[in-house]
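Numbering-wise, the sequence shown is residues -13 to 268 according to the numbering used here. Remarks on the structure that follows.
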Amino acid sequence: MTRPAAAVSNVSLERRAWNIRRKALLMGEVQGQGYIGQALGVADVLATSYFHAMDWRADDPDWEGRDRFYLSIGHYAIALYAALMEAGILPEEELATYGMDDSRMPMSGMASYTPGMEITGGSLGHGLGIAVGAALGLKRKRSDRVVYNLMSDGELGEGSTWEAVMSAVQWKLDNLICLVDFNNQQADGPSRDALAQGPEAPKWEAFGWHAQEVDGNDLSALVTAFDTARALPEPKPRVIICNTRMCKGVDFLEAREQNHFVRVEPDEWARALDRLEEGKPQ
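Shown next as structure tokens:
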């Protein structure tokens, strides 16, 4: 199932990920809040998805021949908006409207508002089930398109997630790739103190999935994992567990223990952008 990614300008994945982080920070500054920790942490996964793995058309977000990207975790919308701007699907001029009345970028992702936003996420644990249905539908249309579903480690505690896991195996959905952002942080504390106990890959493998676990902030490792998932010949769904660091790229935010909804003071936004600028790739 390998094929070339969308035609985009020759910009490195490292620079794409940095641009996504910067756009997310700028949107957060507009509202003075947002799920910035998740956006900074998952930027490398989004860059690899959109600028290495997926087929899409910036001028036709509903193109039937596109790969689908489902954002199960609706509160990560700020991260996906940044990626959609980087891809040219959303105009960067709308960045300043983030979270405002009549904006196409509400603080939680809604498919009816935003070009390129495939599903309305946010009721956690539902995204993978929707992705299973979409992947099955594409199979029945004899399409070779791939469905990517980005979900959080917190959703591993939802029973509906594991029903979808079993369904994907039942239908041999080799056109489904689940991406788990494992940042070990939930609203009430570390994910591993909740229900995400033990190594993750063996759980998925026990259900019949092909599972990989990688450093989700290592672009080389992500590219290899995505390529492996796409090229796998077995008729089974695939999952990539991406261990990411919250607030990646802004050291003083990374150091904060409680960063599920990280508090950024008004005078810290400029400082955060300066820190990010220091690590700007060439």
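Using N, Cα and C, we set each Cβ at its ideal position, and we do this for glycine too. Predicted model only: the values in this text are computed from it and were never measured.
Ser177 and Asp201 - do their beta-carbons sit closer together than 8 Å?
no
Quickly, what does DSSP pair His269 with across the bridge? List them, please.
An answer regarding residue 269 cannot be provided, because it is not within the stretch -13 to 268 covered by the chain.
Here's the rule: buried if 16 or more other CB atoms are within 10 angstroms of the residue's CB, otherwise exposed. What is Arg242?
exposed
Per DSSP, the bridge partner or partners of Ser138
Asp167
Cα-Cα, which of Phe37, Arg261, Thr230 is closest to Asp213?
Ranking Phe37, Arg261, Thr230 by Cα distance to Asp213 puts Phe37 first.
DSSP three-state call for Leu57: helix, strand or coil?
strand
Return yes when the Cβ of Ala97 is within less than 8 Å of the Cβ of Thr106, no when it is not.
In this structure, Ala97 lies closer than 8 Å to Thr106 by Cβ.
C-alpha gap between Glu80 and Glu191, whole angstroms:
The alpha-carbon of Glu80 is positioned some 42 Å away from that of Glu191.
Quick one: grab the DSSP three-state call for Val248.
coil
Report buried or exposed for Lys266, applying the criterion of at least 16 other Cβ atoms within 10 angstroms of its Cβ.
exposed
Between the C-alpha atoms of Glu220 and Glu240, what's the straight-line distance to the nearest angstrom?
Roughly 39 Å between the two C-alpha positions.
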